[in-house]
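In full-length UniProt numbering, the protein residues as written are 1 to 81.
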């Protein structure tokens, strides 16, 4: 019989990470701001410390996609500049 223990372990790890991502999004504990403006969605990478304006933003197809990327970066210890 075929035994795919490595595949099962990988699937469990993927589920664990996806759960962490969803928990970060739901609790809004992201190290990056996300927002919608003029029917577009953005994640702020760099903000001005003087007046708080957004200097560098990345556009995403949806708010969920932006928040998911923000959660992935947060899980990896990254912060907005």
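Don't be surprised by glycine CBs; every beta carbon is placed ideally from N, CA and C.
Please read all numbers here as calculations on a predicted model, not as lab measurements.
Excluding sequence positions up to five away, which residues of its chain have a Cβ less than 7 Å from the Cβ of residue i?
i          : result
residue 71 : 21, 24, 25 and 30
residue 78 : 31
For residue i, tell me which candidate among the options has the shortest Cα-Cα distance.
i          : options       : result
residue 36 : 9, 67 and 11  : 67
residue 39 : 62, 58 and 53 : 62
Cβ of residue i within 8 Å of Cβ of residue j?
i          : j          : result
residue 56 : residue 41 : no
residue 6  : residue 44 : no
Roughly how many angstroms lie between the CA atoms of residue i and residue j, to the nearest whole one?
i          : j          : result
residue 9  : residue 15 : 10 Å
residue 18 : residue 52 : 31 Å
residue 64 : residue 3  : 36 Å
residue 58 : residue 12 : 30 Å
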